[in-house]
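For reference, the structure discussed in these notes is given below.
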Amino acid sequence: MAESQGHEEMMMDQHQQQGSQQGEVHISPIDKDLEASLGEQGHHDGDARQYNIDGVLVSEGMKRMIIDLQRHWLTEYHNSREKCLVELTEKLHQEFMQDQTKIRTDLLQQFKEELEQTRHDLENKHRENLKMESTKLIEKHKRELAASKKKQWCWSCDNEAIYHCCWNTAYCSVECQQGHWQTHRKFCRRKKGGGQGGAPGGQPQMQQLQQIQQIQQIQQVQQVQQVAAPLPPQQ
Numbered sequence: 001m002a003e004s005q006g007h008e009e010m011m012m013d014q015h016q017q018q019g020s021q022q023g024e025v026h027i028s029p030i031d032k033d034l035e036a037s038l039g040e041q042g043h044h045d046g047d048a049r050q051y052n053i054d055g056v057l058v059s060e061g062m063k064r065m066i067i068d069l070q071r072h073w074l075t076e077y078h079n080s081r082e083k084c085l086v087e088l089t090e091k092l093h094q095e096f097m098q099d100q101t102k103i104r105t106d107l108l109q110q111f112k113e114e115l116e117q118t119r120h121d122l123e124n125k126h127r128e129n130l131k132m133e134s135t136k137l138i139e140k141h142k143r144e145l146a147a148s149k150k151k152q153w154c155w156s157c158d159n160e161a162i163y164h165c166c167w168n169t170a171y172c173s174v175e176c177q178q179g180h181w182q183t184h185r186k187f188c189r190r191k192k193g194g195g196q197g198g199a200p201g202g203q204p205q206m207q208q209l210q211q212i213q214q215i216q217q218i219q220q221v222q223q224v225q226q227v228a229a230p231l232p233p234q235q
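Heads up: the sequence shown is residues 1 to 235, going by UniProt numbering.
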């Protein structure tokens, strides 16, 4: 009987050793840490299959339960830590994107305000320039209009007229008067007043024009002589 019991115990030991060897093949890093931790805390009581952990004797089954419990806690810890890291990363990324959006919005608003202010300043400056230019052009137009009103202009070619025909009709030359006569003869007051019915520019009018030109030349010569004449001697 003793020999048969010893043989059975040897078979059980071999089976347990094979099971432990197979378990060691598939053991995870967490299991290795647990085995090392339990190995440091207790020692194996060979025949009784009990472990002394911190002064407490535990069996093989209790040891496995403790290992399973610690494995569960470590797994939960790692999962919780990974979850917290993911949540923290997402939160930081979200805060970063919100900050970027806020900065972009602030910069865009600042740019719009500066652009609007610049546009307003340019419009005011352009308005003042237009006002000044308009004032200058109005004054220039008034001066030119006043100067134009002091002169008479040829009805035919718009050059400055040198002699008058009738009412507000004047010409710069006999050629212009003769060219415009076919139109003007219907309204000429000199013709209606008893003048000759022929076209202007005949002998009497030619003489009149020559006399006017001679008088103008004499006046110009007199003006030049008055400017160039020496002063009379003082008595």
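Glycine included, every Cβ here is placed at the ideal spot set by N, Cα and C.
Among the options, nearest to residue i - alpha-carbon criterion
i    : options          : result
K149 : N168, S134, I138 : N168
Own chain, CB closer than 6 Å to residue i, minus 5 neighbours either side, in chain order
i    : result
A170 : Q152, A161, H164
G179 : S156
K83  : none
Own chain residues within Cβ distance below 7 Å of residue i, not counting five before or after
i    : result
S80  : none
R190 : C165, C166
M62  : none
Cross-strand partners of residue i (DSSP beta bridge)
i    : result
A170 : H164
W153 : E160
Chain C contact for residue i (CB, 7 Å cutoff)
i   : result
M65 : Although the question refers to chain C, the structure presented lacks it and comprises just one protein chain.
Margin query: Three Cβ pairs or more, each shorter than 8 Å: is that satisfied between the stretch 179-191 and the stretch 153-170?
Written below: The answer is yes - the stretch 153-170 touches the stretch 179-191, with three or more Cβ pairs under 8 Å.
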